[in-house]
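Protein chains in written order, with the numbering used here: chain A, 521 to 841; chain B, 521 to 841. Ideal Cβ positions, reconstructed from N, Cα and C, are used throughout, including at glycine. What follows is a single structure, written as structure tokens, with notes after it.
2 protein chains.
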Amino acid sequence: MSEAALIARIRELFSPRIGDDAAIVGAQVITTDMLIEDVDFTRSIPLPLIARKSLAVNLSDLAAMGSKPVYAVAAFGIAEWARGAFDSFLLALRDAANAYGVEIVGGDISRADKLVISITAIGETPARPLLRSGARPGERIYVSRPIGGSAAGLHLLQNGWTIDGPPPPQTGYATLEFARSAMRRHADPEPEIALGVALSSIAEVTSCIDISDGLSTDMHHICDASNAGAEIERERIPMFPDLIASGGALGIRAQDAVLHGGEEYALLFTSSLRESDLSARLGRPVYAIGRITERRGVVLLQDGVGKPLEPRGWDHFAHRE
Amino acid sequence: MSEAALIARIRELFSPRIGDDAAIVGAQVITTDMLIEDVDFTRSIPLPLIARKSLAVNLSDLAAMGSKPVYAVAAFGIAEWARGAFDSFLLALRDAANAYGVEIVGGDISRADKLVISITAIGETPARPLLRSGARPGERIYVSRPIGGSAAGLHLLQNGWTIDGPPPPQTGYATLEFARSAMRRHADPEPEIALGVALSSIAEVTSCIDISDGLSTDMHHICDASNAGAEIERERIPMFPDLIASGGALGIRAQDAVLHGGEEYALLFTSSLRESDLSARLGRPVYAIGRITERRGVVLLQDGVGKPLEPRGWDHFAHRE
Numbered sequence: 521m522s523e524a525a526l527i528a529r530i531r532e533l534f535s536p537r538i539g540d541d542a543a544i545v546g547a548q549v550i551t552t553d554m555l556i557e558d559v560d561f562t563r564s565i566p567l568p569l570i571a572r573k574s575l576a577v578n579l580s581d582l583a584a585m586g587s588k589p590v591y592a593v594a595a596f597g598i599a600e601w602a603r604g605a606f607d608s609f610l611l612a613l614r615d616a617a618n619a620y621g622v623e624i625v626g627g628d629i630s631r632a633d634k635l636v637i638s639i640t641a642i643g644e645t646p647a648r649p650l651l652r653s654g655a656r657p658g659e660r661i662y663v664s665r666p667i668g669g670s671a672a673g674l675h676l677l678q679n680g681w682t683i684d685g686p687p688p689p690q691t692g693y694a695t696l697e698f699a700r701s702a703m704r705r706h707a708d709p710e711p712e713i714a715l716g717v718a719l720s721s722i723a724e725v726t727s728c729i730d731i732s733d734g735l736s737t738d739m740h741h742i743c744d745a746s747n748a749g750a751e752i753e754r755e756r757i758p759m760f761p762d763l764i765a766s767g768g769a770l771g772i773r774a775q776d777a778v779l780h781g782g783e784e785y786a787l788l789f790t791s792s793l794r795e796s797d798l799s800a801r802l803g804r805p806v807y808a809i810g811r812i813t814e815r816r817g818v819v820l821l822q823d824g825v826g827k828p829l830e831p832r833g834w835d836h837f838a839h840r841e
Numbered sequence: 521m522s523e524a525a526l527i528a529r530i531r532e533l534f535s536p537r538i539g540d541d542a543a544i545v546g547a548q549v550i551t552t553d554m555l556i557e558d559v560d561f562t563r564s565i566p567l568p569l570i571a572r573k574s575l576a577v578n579l580s581d582l583a584a585m586g587s588k589p590v591y592a593v594a595a596f597g598i599a600e601w602a603r604g605a606f607d608s609f610l611l612a613l614r615d616a617a618n619a620y621g622v623e624i625v626g627g628d629i630s631r632a633d634k635l636v637i638s639i640t641a642i643g644e645t646p647a648r649p650l651l652r653s654g655a656r657p658g659e660r661i662y663v664s665r666p667i668g669g670s671a672a673g674l675h676l677l678q679n680g681w682t683i684d685g686p687p688p689p690q691t692g693y694a695t696l697e698f699a700r701s702a703m704r705r706h707a708d709p710e711p712e713i714a715l716g717v718a719l720s721s722i723a724e725v726t727s728c729i730d731i732s733d734g735l736s737t738d739m740h741h742i743c744d745a746s747n748a749g750a751e752i753e754r755e756r757i758p759m760f761p762d763l764i765a766s767g768g769a770l771g772i773r774a775q776d777a778v779l780h781g782g783e784e785y786a787l788l789f790t791s792s793l794r795e796s797d798l799s800a801r802l803g804r805p806v807y808a809i810g811r812i813t814e815r816r817g818v819v820l821l822q823d824g825v826g827k828p829l830e831p832r833g834w835d836h837f838a839h840r841e
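Right, dumping it as structure tokens:
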């Protein structure tokens, strides 16, 4: 059973509401995410960053709905190795919660062989929640910021780099700067909370998702929910700075990182507004990368040629199948 | 750091609200619990029972606050061994949610080496939430049903018995009946939802907790929160049926099971009302087992002698220290 099949079964059994980044219940939006050692992070990531990320991924789900986070609960399965320094985890979680204006009101602790963090975050229902299902043919497709950095950072972390250790010998300055910012993007993602709230107030924004699985897979999520297709122009996708030059020298395939890299937590959304108009209304840049089409499927236009863009982003089960 | 020290630190960092079975936030009560393979259950427990229990322990926390459950979200870290039969897990979870009147509105799935289930349940705030902190000297201490069965069932499951396999050869009928009901009590606990809601409507009920850590530890929780002590009469604690005879023959120490056995999910509460009056108002039996005292500490009265009852119930970290 693939992740998609499992989610389909869960929707069927429990609630057709399941399927957006978070669930709307009355006056609230609620989301839950579990991070597991050796699946979502490794021990090489400092505990404070694991804490920040475990909160950030939940807040990103709320952002994708246009919801402002209000409170959260957290459950921890604490592995032996993490116990001694767990205070650094709690402090970082507290600071992140304060920074995002979220109160952590309760929780559960247990021991575990591997560190597991499960956070549930609850936000206010916006006047008009953003769903995956509102995209209409002809509308522009937007990403909120340059992408590809998280996958690049993950690649480095899986190939001997560490966040706070020394770099490989004879690493040049530009490469080092790139590597550090890519690892940071991966390990310390920033949820687009303010943008999500702003987008929900603009009537011409019709759908939204956060790029957690990867652009290709999340674009398919919007198209599937909206009964539509998409054409993405490869050249218009904003790339994480220096991904081609420094990333390439480090063995990172920029194209894969941009198209399929997960855990970006940029927002992917659709609107009838033009890029300049939308950016002006938001007071910050957003990037039009293509159009919603009537014809189903996602097409990538590159060098004047269109090819199907398969959902090759993160599937939580794929590498075990 | 013991569990108690960790919880104290979490309260200090995050919110003084933390400490009851669930947190009150505006018009809601919220609780979260994580169940981890080989900590909270083993693979010998059928997946449908793991599903039911993972929901039940959360609903029990709401019950202890007097809150009626409304909705929940669930996150699963799915281990390889559980994937093939995960549909049986989902079906059981759906059925349990329907039976308890809870809608599961969202979730998260991931792979994991060990099965992890984290559920967050949200209930309506009762007119008067039940806290741990309201017990006053002179009031009676109550348990909602006979206890000791869960610890007995756990002992059996840790000593070769299985829920659906054949019993050891030459097991007598009474022993078999006892063993089955004890294992069921452990693996398929029943949250006291209706009782919790009823208790919250009775002004003379002053504090409440669910017995998840064990009577001794949870009695200390009430006393600590209420700045009071307790005297419990050993002979008045209602015991799980046949615990002494059949349980004893199976190597179960009835006294330990009753006093310190966790995961009972009976309610432990206090009231100025007499047992007969309170039972009559509730329309069901509840069991007075002692009195709240001004003097701090918990005392167990047995055969006319009082001895300190130390909190020897479940500490999620104790057996690693």
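For Arg614 of chain B, the nearest CB of chain A lies under 7 Å from its own CB, placing it at the interface with that chain.
The Cβ of Ile624 of chain A sits closer than 7 Å to at least one Cβ of chain B.
For the options B:Gly597, B:Ser638, B:Ala592, B:Arg660, the alpha carbon positioned closest to that of Glu795 of chain B is the one of B:Arg660. Between Phe606 of chain A and Ile637 of chain A, the C-beta gap is not smaller than 7 Å, which leaves the two residues out of contact. Within 10 angstroms of the beta-carbon of Pro686 of chain A lie fewer than 16 other beta-carbons, which makes it exposed.
Assignment of Leu788 of chain B by DSSP, reduced to helix, strand and coil, places it in the strand class. Going by C-alpha positions, Ala774 of chain B is about 56 Å away from His675 of chain A. Interface annotation for the segment 537 to 555 of chain B against chain A: Arg537, Ile538, Ala542, Ala543, Val545, Ile550, Thr551, Thr552, Asp553, Met554, criterion Cβ-Cβ distance under 7 Å. Interface annotation, Asp628 of chain B: in contact with chain A, CB-CB separation under 7 Å. The contact set of Tyr591 of chain A on chain B, defined by CB atoms closer than 7 Å, consists of Val545 in chain order. Chain A places a beta carbon closer than 7 Å to that of Ala595 of chain B, counting this residue as a contact. At a cut-off of 7 Å between beta-carbon atoms, Ser638 of chain B makes contact with chain A.
In terms of Cβ geometry, Pro711 of chain A and Tyr785 of chain A form a close pair [threshold 7 Å]. At least one beta carbon of chain A lies nearer than 7 Å to the beta carbon of Ala632 of chain B. For Met703 of chain A, the enclosing alpha helix (DSSP H) stretches over residues 693 to 707.
Residue pairing by DSSP puts Cys728 of chain B in a beta bridge opposite B:Phe789.
Contact of Ser535 of chain B with chain A by beta-carbon distance below 7 Å involves Glu623, Ile624, Val625. In this structure, the alpha-carbon of Pro649 of chain B lies about 34 Å from that of Leu763 of chain B. Our two residues, Leu579 of chain A and Ile713 of chain A, have alpha carbons roughly 7 Å apart in a direct line. When DSSP states are grouped into helix, strand and coil, Asp797 of chain B belongs to the helix group. Within the segment 649 to 662 of chain B, no residue places its CB atom closer than 8 Å to a CB of chain A. When the alpha-carbon of Leu715 of chain B is set against those of B:Pro761, B:Ala745, B:Ala800, the nearest one is in B:Ala800. With a cutoff of 7 Å on beta-carbon distance, Gly767 of chain A and Trp834 of chain A are scored as not near each other. Residues of the segment 799 to 825 of chain A that bring their beta carbon within less than 9 Å of a beta carbon in chain B are absent altogether. Taking 7 Å as the threshold, the shortest C-beta distance from Leu674 of chain B to chain A does not fall below it. Beta-bridge annotation (DSSP): Ile642 of chain B is paired with B:Ile550, B:Tyr591.
Looking at the DSSP output, Lys827 of chain A shares a beta bridge with A:Leu820. For Val625 of chain A, there is no enclosing alpha helix (DSSP H); the residue is found in the beta strand (DSSP E) stretching over 623 to 632. Within chain B, the residues placing a beta-carbon under 8 Å from that of Ile530 of chain A are Leu610, Gly627, Ile629, ordered along the chain. Remark: C-beta atoms of Ser630 of chain B and Met739 of chain A do not approach each other more closely than 7 Å. The CB of Asp560 of chain A comes closer than 8 Å to the CB of Ser630 in chain B, given here in chain order. When C-alpha distances from Glu755 of chain B are compared across B:Gln690, B:Pro689, B:Pro666, the shortest belongs to B:Pro666. In this structure, the straight-line span from the alpha carbon of Ala718 of chain A to that of Ala765 of chain A is close to 34 Å.
The beta carbon of Ala707 of chain B sits closer than 7 Å to the beta carbons of Ile565, Leu569, Lys573, Gly673, Ile683 from its chain, once the five residues preceding and following it are set aside; these are given in chain order. Annotation: the continuous beta strand (DSSP E) that includes Glu753 of chain A extends over 749 to 753. Taking a C-beta distance under 7 Å as the contact criterion, Leu635 of chain B and Glu557 of chain B qualify as a contact pair.
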